[in-house]
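All remarks here apply to the structure that follows.
Protein chains: 2
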Amino acid sequence: MNATIDLLKSHRSIRKYTDQPVGDEALETIISAGQAAATSSFVQATTVIRVTDPEHRKQLRHMAGDQPYIEKAPEFLVFCADLARASLCCEMHGIEAQADYTEQFIIATVDTGLFAQNCAVAAESMGLGICYIGGIRNNIADVAELLGLPEHVYPVFGFCIGHPDQDPDLRPRLPMSVVLKEGSYSDDGDRETIADYDKVVEAYYAKRRGGSKAMTWTRQVAGLLSEKCRPHMLPFLHSKGFLKR
Amino acid sequence: MNATIDLLKSHRSIRKYTDQPVGDEALETIISAGQAAATSSFVQATTVIRVTDPEHRKQLRHMAGDQPYIEKAPEFLVFCADLARASLCCEMHGIEAQADYTEQFIIATVDTGLFAQNCAVAAESMGLGICYIGGIRNNIADVAELLGLPEHVYPVFGFCIGHPDQDPDLRPRLPMSVVLKEGSYSDDGDRETIADYDKVVEAYYAKRRGGSKAMTWTRQVAGLLSEKCRPHMLPFLHSKGFLKR
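Here is the structure:
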């Protein structure tokens, strides 16, 4: 173990921030750390939009399920998977761009994930707190319009940054045997291990929410798969030229 | 700046390793650091498969474009986006799982990216080197069969780990003004900035490859979009129950 690993293992989403600004210099340090992450075929398919306009922040807050920290966080970024820049490279060489393959969507989405996670680690190493905002996909077409996103660019998630004004507990993760498999995929024994883990998560929620709410991991996750999950995503992505073949 | 940010900014893919093993304990530390990354709606949609069988390593090497380090690295992992476990949660609660929405595919893919990038940072903080292997998607159906992946699980990338036996230069990234935008998306001025950056990348390649190969960034990226890009991906993902609506 070392200090970096301790830092990684101490991550919690921070949703309350002090008024202290993050500052341009710190923000650029965070972004340059993000850029240093691996990028598939060197495509660098991520563009970050920093939203500072209070009216736009307010609108984004409402588009993303009324999460107040989107409006209140000292910094709010939107991480975009961007193949428009790669298309520009094609144009500069007189080549017709083909950016509608599913594989390219995966490349741009993974690039953006690696970039953002480096930003998260960099921010936390500076004593800042962060929170990913998947909720911007609730009304993704409105978000894309507000940010002026062209074809072949989509907003993957938002990202709040600020100085923490809360100190939440760590959320317990699945036991190692469930997530790390030897040789091939198997869920042998997972059912029992997960049932035990449910009790750990239930105890965590009981403590965190003052015992007012009972929730296990399996029940929470089952909820995610039991209903229509942002069914507008595929038509939206098609409209932006993604995932066509 | 601090030591963690210096570490993030010193990343290069390592493709040559000494014979020194990584060891079970270090590997579990790396995976637990990966688990500590943010996860959308707490779904924890990542499963890592550690491949140790030499014959399987050899096969994976050939499936992934004959990259020798897949066979030779002390550790080779395959990071899988996994919604089968979430389906198991549904089953445990007698709920019918719906895992075929595009949104769920994005959730699982992003979860896997964040998890893996934490693993990359953890490994590098221990003096190890890593290399992402997108090439496993060249023959993704064969990889999935070899690893016994069920419905709603797909292999996103491979990941080599070992003690570095090379010291490659840092690859210069795009200027900040191109990747960080204020308020809304715009490529104003990017063309000129990118043309200048092309010269930086060309100088990097000339040095790295002993001057034997001339390559700019825009030419390299244009190549990615100028031809069919793993056109088997969408039919494969459909066959695994992903991206159906």
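These protein sequence lines are chains A and B, in that order.
Numbering-wise, numbering that gives the first Met the number 0 puts 94 at position 95 of the first sequence, and it's gapless, one number per residue.
Numbering-wise, numbering that gives the first Met the number 0 puts 52 at position 53 of the second sequence, and it's gapless, one number per residue.
Note that beta-carbon positions come from the ideal geometry of N, C-alpha and C, so glycine has one too.
- Contacts with chain A at 8 Å (Cβ-Cβ) do not include residue 25 (chain B).
- Inside the stretch 140-165 of chain B, DSSP marks whole beta strand (DSSP E) runs of 3 or more residues at positions 152-161, from first to last along the chain.
- A buried status is given to residue 10 (chain B), since no fewer than 16 other beta-carbon atoms sit within 10 Å of its beta-carbon.
- Of all residues in the stretch 71-93 of chain B, only 79, 82, 83, 84, 85, 86, 87, 88, 89, 91 and 92 place a beta-carbon less than 8 Å from a beta-carbon of chain A.
- Contact between residue 108 (chain B) and residue 105 (chain A) holds, since their C-beta atoms are separated by about 7 Å, short of 8 Å.
- With a contact defined as Cβ atoms closer than 8 Å, residue 113 (chain B) and residue 55 (chain B) miss out at about 27 Å.
- The residues 135, 137, 138, 141 and 142, in chain order, have a CB closer than 7 Å to that of residue 62 (chain B) in the same chain once the five nearest residues on each side in sequence are set aside.
- Its Cα nearest to that of residue 225 (chain B), the residue A:89 stands out among A:204, A:89 and A:236.
- Below the 8 Å Cβ cutoff, chain B contributes no neighbours of residue 165 (chain A), its closest Cβ being approximately 16 Å away.
- Residue 221 (chain B) places its beta carbon less than 8 Å from that of residue 92 (chain A).
- The DSSP-derived three-state label of residue 186 (chain A) is coil.
- Following the DSSP letters along the chain, one finds residue 70 (chain A) inside the alpha helix (DSSP H) bounded by residues 67-71.
- When Cβ-Cβ separations below 8 Å define contact, residue 57 (chain A) makes no contact with chain B.
- Contact with chain A is found for residue 117 (chain B), since one of that chain's Cβ atoms lies less than 8 Å from the residue's Cβ.
- In terms of beta-carbon proximity, residue 8 (chain B) lines the interface with chain A, with at least one pair separated by less than 8 Å.
- Within chain A, the residues placing a beta-carbon under 8 Å from that of residue 103 (chain B) are 223, 224 and 228, ordered along the chain.
- Taken atom to atom, the span from the alpha-carbon of residue 150 (chain A) to that of residue 188 (chain A) is near 46 Å.
- At a C-beta separation below 9 Å, residue 149 (chain A) has these neighbours in chain B: 184 and 186.
- In the DSSP annotation of this structure, the continuous segment of the alpha helix (DSSP H) that includes residue 4 (chain B) starts and ends at 2-8.
- Membership of residue 104 (chain B) in the alpha helix (DSSP H) is indicated by the continuous run 101-124.
- Of the residues A:14, A:3 and A:0, the one whose Cα lies closest to the Cα of residue 168 (chain A) is A:14.
- Taking 7 Å as the upper bound on Cβ-Cβ separation, chain A lies near residues 131, 133 and 136 of the stretch 126-145 of chain B.
- In this structure, residue 49 (chain B) and residue 181 (chain A) form a Cβ contact; the two beta carbons are roughly 6 Å apart against a cut-off of 8 Å.
- Residue 46 (chain A) has A:79 as its beta-bridge partners, per DSSP.
- Secondary structure note for residue 180 (chain B): its beta strand (DSSP E) is the uninterrupted segment 179-181.
- Rounded to whole angstroms, residue 70 (chain A) and residue 57 (chain A) show a C-alpha spacing of 5 Å.
- Cα atoms of residue 172 (chain B) and residue 200 (chain B): separation of roughly 9 Å, rounded to the nearest angstrom.
- Around the beta carbon of residue 243 (chain B), fewer than 16 other beta carbons sit within 10 angstroms, so the residue counts as exposed.
- For residue 33 (chain A), the enclosing alpha helix (DSSP H) covers residues 23-34.
- Here residue 241 (chain A) is not near residue 219 (chain B), since their CB atoms are 8 Å or more apart.
- Judged by DSSP secondary structure, residue 222 (chain A) falls within the alpha helix (DSSP H) whose first and last residues are 216-224.
- From the beta-carbon of residue 14 (chain B), no residue of chain A is found nearer than 8 Å; the closest lies around 12 Å away.
- Counting only Cβ-Cβ distances below 7 Å, residue 157 (chain B) has no contacts in chain A at all, with the closest Cβ about 12 Å away.
- The distance from the Cβ of residue 30 (chain B) to that of residue 179 (chain A) is about 5 Å, consistent with a contact at the 8 Å cut-off.
- Among the CB atoms of chain B, none fall inside 8 Å of the CB of residue 199 (chain A).
- The alpha carbon of residue 127 (chain A) has as its nearest neighbour, out of A:177, A:233, A:74 and A:80, the alpha carbon of A:74.
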